[in-house]
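In what follows, a structure is listed as structure tokens, so that the remarks can point back to it.
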Amino acid sequence: MFTGLSERLNTVFDKLTRRGVLTESMVDETMREIKIALLEADVALPVVKSFIADVREKAVGADVIKTVSPAQTVVKIVHDSLVQLLGNTEPLKLLPHQQNVILMLGLQGSGKTTSSAKLAKRLQKEGKKVLLASLDVYRPAAREQLTELARQNDLPVLSIEANEKPLQITKRALQTARDNLADVLILDTAGRLHIDEEMMRELMAVRDLAKPIESLLVVDALIGQDALNVAEQFHQKIGITGTILTRIDGDSRGGAALSMRAVTKTPVRFLGVGEKADALEVFDAKRIADRILGMGDVVGLVETAMEKINQEEAQKAAERMMSGHFDLNDMLSQIQQINKMGDLKGIMKMIPGLSKLQSKLNAADIDNKIIKHQEAIILSMTPKERKNPDILKAARKQRIAAGAGVQVSDVNRLLKQFDQMAQVMKYFKKAGPLGMMGMMKKMNALTGGNLPNTGNFEGQLPSSFKYNPFKK
Ligand SMILES: Nc1nc2c(ncn2[C@@H]2O[C@H](COP(=O)(O)OP(=O)(O)OP(=O)(O)O)[C@@H](O)[C@H]2O)c(=O)[nH]1
Ligand SMILES: [Mg+2]
Numbered sequence: 009m010f011t012g013l014s015e016r017l018n019t020v021f022d023k024l025t026r027r028g029v030l031t032e033s034m035v036d037e038t039m040r041e042i043k044i045a046l047l048e049a050d051v052a053l054p055v056v057k058s059f060i061a062d063v064r065e066k067a068v069g070a071d072v073i074k075t076v077s078p079a080q081t082v083v084k085i086v087h088d089s090l091v092q093l094l095g096n097t098e099p100l101k102l103l104p105h106q107q108n109v110i111l112m113l114g115l116q117g118s119g120k121t122t123s124s125a126k127l128a129k130r131l132q133k134e135g136k137k138v139l140l141a142s143l144d145v146y147r148p149a150a151r152e153q154l155t156e157l158a159r160q161n162d163l164p165v166l167s168i169e170a171n172e173k174p175l176q177i178t179k180r181a182l183q184t185a186r187d188n189l190a191d192v193l194i195l196d197t198a199g200r201l202h203i204d205e206e207m208m209r210e211l212m213a214v215r216d217l218a219k220p221i222e223s224l225l226v227v228d229a230l231i232g233q234d235a236l237n238v239a240e241q242f243h244q245k246i247g248i249t250g251t252i253l254t255r256i257d258g259d260s261r262g263g264a265a266l267s268m269r270a271v272t273k274t275p276v277r278f279l280g281v282g283e284k285a286d287a288l289e290v291f292d293a294k295r296i297a298d299r300i301l302g303m304g305d306v307v308g309l310v311e312t313a314m315e316k317i318n319q320e321e322a323q324k325a326a327e328r329m330m331s332g333h334f335d336l337n338d339m340l341s342q343i344q345q346i347n348k349m350g351d352l353k354g355i356m357k358m359i360p361g362l363s364k365l366q367s368k369l370n371a372a373d374i375d376n377k378i379i380k381h382q383e384a385i386i387l388s389m390t391p392k393e394r395k396n397p398d399i400l401k402a403a404r405k406q407r408i409a410a411g412a413g414v415q416v417s418d419v420n421r422l423l424k425q426f427d428q429m430a431q432v433m434k435y436f437k438k439a440g441p442l443g444m445m446g447m448m449k450k451m452n453a454l455t456g457g458n459l460p461n462t463g464n465f466e467g468q469l470p471s472s473f474k475y476n477p478f479k480k
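Per the working numbering, residue 9 is the first one in the sequence shown, and the count goes up by one each step.
Next up, the structure:
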């Protein structure tokens with residue numbers, strides 16, 4: 009998501025940077041290009057217009073042309089305007105010691121049921137007592153779907169009773185929530201293909217009965233421009249207090265995310281970033297603006313890294329490497345750390361400067377499957393072999409390949425990569441302490457020396473050195 013927009017904007021800014029001094033006509037040209045970039049990303053026209061007007065006004069006010077670094081000033085203005093456009097999110101307005109109802113609304117298949125379960129899980133983690141209930145009596149097995157999600161995630165859900173109408177279910181849900189002293193009742197409603205009067209009337213009746221403190225519109229980010237129309241109508245008829253954008257993990261152009269706040273005047277609350285019950289992120293305008301402008305989601309990266317990587321283990325490995333020691337056990341531990349960090353491409357996208365190199369990254373063909381194979385190969389070795397790769401001759405290689413379910417040539421490739429990695433480690437020894445910079449350098453090595461601004465580390469490697477252990 010946002011990749012196209014991000015690339016376009018970066019090209020615009022690159023051009024600015026190269027010019028040095030700016031003239032007024034260059035600022036105009038830049039605004040035009042930003043406008044096209046936004047439209048291509050599916051941002052709604054009225055939103056684009058007011059965004060550009062806002063940026064232009066600030067740019068004129070800041071006297072961009074006379075500033076020391078005009079390009080940076082423009083980037084900063086665009087960044088701040090983006091944050092403003094996306095809008096800061098607000099936490100859900102849940103009241104203490106009271107029954108809070110959250111009504112989930114949206115088109116068919118937008119992700120209401122999944123998001124209901126995700127939200128319930130999140131609130132339960134925060135110590136709230138929750139109850140889920142599905143009012144979807146229209147789609148066969150819709151209520152069973154929620155019940156199953158609840159079962160998988162240990163969440164309380166209202167029992168299913170035959171022949172009940174949505175309003176009757178709502179009443180029973182309210183009563184059950186009260187009886188169980190639930191803090192939050194989440195009502196998952198039936199989806200509609202398009203806005204239809206009768207269903208809307210029903211939703212209004214549910215709303216009037218349940219008096220939700222939050223009515224969250226669930227919107228699939230992939231539907232692009234249409235999202236606005238949908239949002240407008242739901243907002244007019246039912247009144248919404250916020251939105252949840254789902255399928256942010258898919259490759260939508262991102263326009264919906266950018267326009268939603270401006271159109272509904274309500275905050276985007278959460279982003280659905282996958283099918284699993286914990287794939288729900290709190291919306292963070294600054295982080296998204298950073299990502300769009302190619303500054304990379306450093307916060308996201310650090311969080312992911314902190315969460316998934318065993319700090320102590322990483323430290324130990326780093327110390328060993330610093331001492332110049334590196335065997336296949338160390339390589340295994342590195343592979344496992346990278347594995348823990350999840351999808352490698354996802355991680356790379358979050359690193360500042362790397363978003364511009366997306367095409368190169370794709371060309372580098374980094375493949376998680378290969379990482380899995382590499383792990384299997386080392387795991388098929390004996391401890392002695394891992395310490396002394398030199399003893400690996402044909403017979404042992406054959407045994408290892410069979411154990412890992414790969415070819416002997418794969419084992420050979422891994423050993424060659426190990427040799428190269430050992431070489432890199434020698435350079436690490438020279439390059440100073442690891443830490444964040446060390447990690448960036450490691451990533452740099454992974455991408456064949458393409459990561460900018462990582463000090464003079466590159467200079468110490470032979471210019472012909474292209475290292476990429478994950479390339480087939
Ligand atoms: N990749 C991805 N898939 C999602 C996300 N949210 C929901 N889905 C998937 O989208 C599909 C539809 O989700 P549901 O939660 O059933 O949608 P719904 O709005 O309840 O659908 P109806 O009840 O039929 O209107 C399911 O296969 C979900 O797993 C998300 O954030 N990312
Ligand atoms: Mg549903």
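Here a beta-carbon is modelled for each residue, glycine too, at the ideal position from N, C-alpha and C.
| said: Could you compute how far the alpha carbon of I378 sits from the alpha carbon of K424? | reply: Within the model, the alpha-carbon separation for I378 versus K424 is close to 15 Å.
| For the putative contact between P104 and V138, defined by C-beta atoms under 8 Å, what is the C-beta separation to the nearest angstrom? | Not quite, the Cβ-Cβ distance comes to about 15 Å (not below 8 Å), so this is no contact.
| message | On a Cα-Cα basis, can you pick out the residue from T155, A402 and V91 that is closest to S167? | response | The shortest C-alpha separation from S167 is found at T155.
| said: Does the segment 118 to 125 come into contact with the segment 194 to 214, if we say contact requires no fewer than three beta-carbon pairs (one atom in each stretch) closer than 8 Å? | reply: Put simply, the segment 118 to 125 touches the segment 194 to 214. At least three CB pairs are less than 8 Å apart.
| request: Please determine, among G69, T25 and Q92, the residue with the shortest C-alpha to C-alpha distance to L266. | output: By alpha-carbon distance to L266, the top candidate from G69, T25 and Q92 is Q92.
| query | For D196, does the three-state DSSP call read helix, strand or coil? | reply | If DSSP states are grouped into helix, strand and coil, D196 belongs with the strands.
| message | Taking 7 Å as the threshold (C-beta atoms), are L336 and R394 in contact? | response | Contact flag set, yes.
| By a C-beta neighbour count over all protein chains shown, 10 Å radius and 16 as the cutoff for buried, is N396 buried or exposed? | N396 should be labelled exposed.
| By a C-beta neighbour count over all protein chains shown, 10 Å radius and 16 as the cutoff for buried, is T31 buried or exposed? | With a threshold of 16 other beta carbon atoms within 10 Å, T31 falls short and is exposed.
| field | Any non-hydrogen atom of ligand 2 within 6 Å of A79 CB | value | The nearest non-hydrogen atom of ligand 2 is 6 Å or more from the C-beta of A79.
| request: For the alpha helix (DSSP H) containing I231, list its first residue and its last residue. | output: Per DSSP, I231 lies in no alpha helix (DSSP H) segment and is marked neither H nor E.
| query | At what residues does the alpha helix (DSSP H) containing M39 begin and finish? | reply | Here the alpha helix (DSSP H) through M39 covers E32 to E48.
| query | What span of residues does the alpha helix (DSSP H) with T121 cover, start to end? | reply | In the DSSP assignment, T121 falls within the alpha helix (DSSP H) that extends over K120 to K133.
| said: Residues around ligand 2, please: the condition is that the C-beta lies closer than 5 Å to some non-hydrogen atom of it. | reply: The set, ordered by position in the chain, is K120 and T121.
| query | So which of D398, G95 and F278 has the shortest CA-CA distance to R130? | reply | Of the candidates D398, G95 and F278, the one whose C-alpha sits nearest the C-alpha of R130 is F278.
| Span of the alpha helix (DSSP H), counted from its first residue to its last, around F59 | For F59, the enclosing alpha helix (DSSP H) starts and ends at L53 to G69.
| task | Please state if the CB of D50 and the CB of R481 are separated by a distance shorter than 7 Å. | result | Only positions 9 to 480 of the chain appear in this structure, which leaves residue 481 out of reach.
| task | Give the straight-line distance between the Cα atoms of V414 and D257, rounded to the nearest whole angstrom. | result | Rounded to whole angstroms, V414 to D257 spans 31 Å at the Cα level.
| request: Compute every distance between the C-beta of N118 and the non-hydrogen atoms of ligand 1, then say whether any falls below 6 Å. | output: Per the sequence presented here, residue 118 reads as Ser, with Asn not at that position. S118 Cβ: within cutoff of ligand 1.
| said: My parser needs the beta strand (DSSP E) runs of 3 or more residues fully inside the segment 95 to 121; what are they? | reply: Every beta strand (DSSP E) of 3 residues or more that sits fully in the segment 95 to 121 is shown, in chain order, as 108 to 114.
| task | Please state whether DSSP places M447 in a helix, a strand or coil. | result | At M447 the pLDDT is 49, less than 50, meaning the model places this residue with poor confidence; the figure from the coordinates comes in the next sentence. In this structure, DSSP gives M447 a helical state, which the three-state scheme calls helix.
| message | For G258, list the residues DSSP reports as bridge partners. | response | The partner list for G258 (beta bridge, DSSP) is empty, contrary to what the question assumes.
| field | 7 Å Cβ shell around V290 - same chain, five flanking residues per side excluded | value | Closer than 7 Å at the Cβ level, and outside the excluded window around V290, lie T97 and F278.
| Of all the alpha helix (DSSP H) runs that stay within the bounds of the segment 386 to 420, which reach a length of 4 or more residues? | Complete alpha helix (DSSP H) runs here, min 4: 391 to 395 and 402 to 412.
| said: Taking 6 Å as the cut-off, is the beta-carbon of G262 closer than that to any non-hydrogen atom of ligand 1? | reply: Look at G262: its beta carbon is at least 6 Å from all of the heavy atoms in ligand 1.
| message | Contact criterion: CB-CB distance below 7 Å. Does R180 meet it with respect to chain E? | response | Of the chains in the structure shown, none is chain E; there is only one protein chain.
| message | Helix, strand or coil for S223? Go by DSSP, reduced to three states. | response | Per DSSP, reduced to three states, the secondary structure at S223 is strand.
| Is E206 near ligand 1, going by C-beta to nearest heavy atom under 6 Å? | Flag unset: Cβ of E206 not near ligand 1.
| request: Tell me, please, which residues DSSP counts as bridged to F278. | output: According to DSSP, which records beta bridges pairwise, F278 is partnered with I252 and V290.
| said: Output needed for K294: all residues of its chain with C-beta closer than 7 Å, excluding positions within five of it in sequence on either side, in chain order. | reply: Result list for K294: V91, in chain order.
| request: Identify whether Q80 lies in helix, strand or coil by the three-state DSSP scheme. | output: In the three-state reduction of the DSSP assignment, Q80 falls in the helix class.
| query | Taking the continuous beta strand (DSSP E) assigned at V271, which residues delimit it? | reply | Premise fails: V271 lies in the alpha helix (DSSP H), G263 to T272, not in any beta strand (DSSP E).
| Among all the DSSP beta bridges, which residues are the ones paired with S565? | No statement about residue 565 is possible, as the shown extent of the chain runs from 9 to 480 and does not include it.
| So is the beta-carbon of R277 under 6 Å away from any non-hydrogen atom of ligand 1? | R277: no, Cβ never under 6 Å from ligand 1.
| task | Label N108 either buried or exposed according to how many other C-beta atoms from any shown protein chain fall within 10 Å of its C-beta, with 16 as the threshold for buried. | result | With 16 or more other Cβ atoms within 10 Å, it is buried.
| message | When you measure from the CB of R269 to every non-hydrogen atom of ligand 1, does any distance come out below 6 Å? | response | Not under cutoff, so the answer is no.
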